[in-house]
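Let me begin by presenting the structure, written as structure tokens, before commenting on it.
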Amino acid sequence: MSPRQSDANPGPRSAAAANQPLKRATITQTARKYLLSESGGHCQNPVCRRDLHAIVDGDLVAERAHIIPASTGGPRGDHEPQMDELDRADADNILLLCPTCHTMIDRAPNDFPVELLRDWKRISQDARAAAFGTPTFDSRDEARAYIARLLDANAQVFRAYGPIEGSHDEDRAWLWKDLVKRTIIPNNATIVAFLQANRHLLGADEIALLSQFELHAQQLADRHLNGNWAAATLRFPDGFDKMLEDPQ
Ligand SMILES: [Zn+2]
């Protein structure tokens, strides 16, 4: 994604404009926010990764470093001389670095060429996706190992505190409601997102089970988070705890 910033984007430079010196375009607030999110607030040099959340003189210590410089006279300026000033100020062309790494790459541009800096950006994006995104796997065994801990955690809560037909224990009921909100509902959301992202590993019967589970999870959340106790809810579908267990 490229959060192209300008409201008035003049498009690629004309041949005549290419001979004029570049105006230095400002890095917009949108691009600044995007970079902070992309980097997770850590220096995008993969061997540094310094936390940039320290505030000095009212601003973060993060610095914005151009890969292709803002003007052709800057470090790495011989690369892509036709690039216009707005593309140079685009978040795609900027790394968020600590002050030390920013100085280092601009003082020795031959040691830190464009290709290397673009790799840093990609590595940083991958690291964020791995930390916060939903992982996908190529094998059922790996996927099973991932969801097993979530299913087990939910099963343990249910065994210890779940409702027992024909009996009512006030303390147990209170703990159950508390743990449904804190453990079961968030785990269910992760399980659904994970299985949707890994649908390529599921058999037809498992896809049908997943649909039932989604409905069950939605209704459970509706009862416990929205207080909608009137509607009857679908029970945890039989066999869902064995999801991805058998070889297909
Ligand atoms: Zn750094």
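Those letters in the sequence shown? Residues 147 to 394, per our numbering, in order.
The beta carbon of each residue, even a glycine, is placed where N, CA and C say it ideally should be.
### Query
With a CB to CB cut of under 6 Å and the five nearest residues on each side skipped, what residues in its chain are close to E209?
Excluding residues within five positions, the ones whose Cβ falls inside 6 Å are L243, P245 and H248.
### Task
Leaving aside the five residues before and after L206 along the sequence, list all residues of the same chain whose C-beta is less than 6 Å from its C-beta, in chain order.
L198
### Message
Closest to A289 by C-alpha separation, out of E184, D265, L355 and E391, would be which residue?
### Response
E391
### Query
Is R381 closer than 8 Å to H362 when the C-beta atoms are compared?
In this structure, the beta-carbon distance from H362 to R381 falls below 8 Å.
### Query
Ordered along the chain, which non-local residues of its own chain (more than five positions away) have a Cβ less than 6 Å from that of R286?
L347 and L390
#### Entry: Closest by C-alpha distance to R274, when choosing among I330, L371, L263 and L181
L181
#### Entry: Nearest-angstrom beta carbon gap, P192 and I240 [assumed within contact, 8 Å]
With a Cβ gap of about 16 Å, I240 and P192 do not count as contacting.
### Task
In angstroms with no decimal places, state the Cα-to-Cα distance between E226 and T174.
22 Å
### Query
So, is A350 buried or exposed, given that buried needs 16 or more other C-beta atoms within 10 angstroms?
exposed
### K388 versus L356: straight-line alpha-carbon distance, rounded
12 Å
### Collapsed DSSP secondary structure at E311 in the structure displayed
coil
### Message
Using C-beta distances below 7 Å, list every residue in its chain close to P383, excluding the 5 sequence neighbours before and after it, in chain order.
### Response
L355, Q358, F359 and H362
### Message
Can you list, in chain order, the residues of its chain with a C-beta nearer than 8 Å to that of R264? Leave out the 5 residues immediately preceding and following it.
### Response
I213
### Message
Taking its Cβ as the centre, do 16 or more other Cβ atoms sit within 10 Å of W320, making it buried, or is it exposed?
### Response
exposed
### Task
Decide yes or no for the touch test of the region 301 to 321 against the region 337 to 344: beta carbon pairs closer than 8 Å, at least 3 of them.
no
### Message
Suppose you measure from the CA of A211 to the CA of G279; what does that come to, to the nearest Å?
### Response
26 Å
#### Entry: Counted within 10 angstroms of its Cβ, other Cβ atoms place Q190 as buried (16 or more) or exposed
buried
### Message
Given the structure, does L182 come close to ligand 1, in the sense that its CB is under 7 Å from one of the ligand's heavy atoms?
### Response
no
### Query
To the nearest whole angstrom, what separates the beta carbons of L232 and A276, a pair I think is in contact under 8 Å?
With a Cβ gap of about 31 Å, L232 and A276 do not count as contacting.
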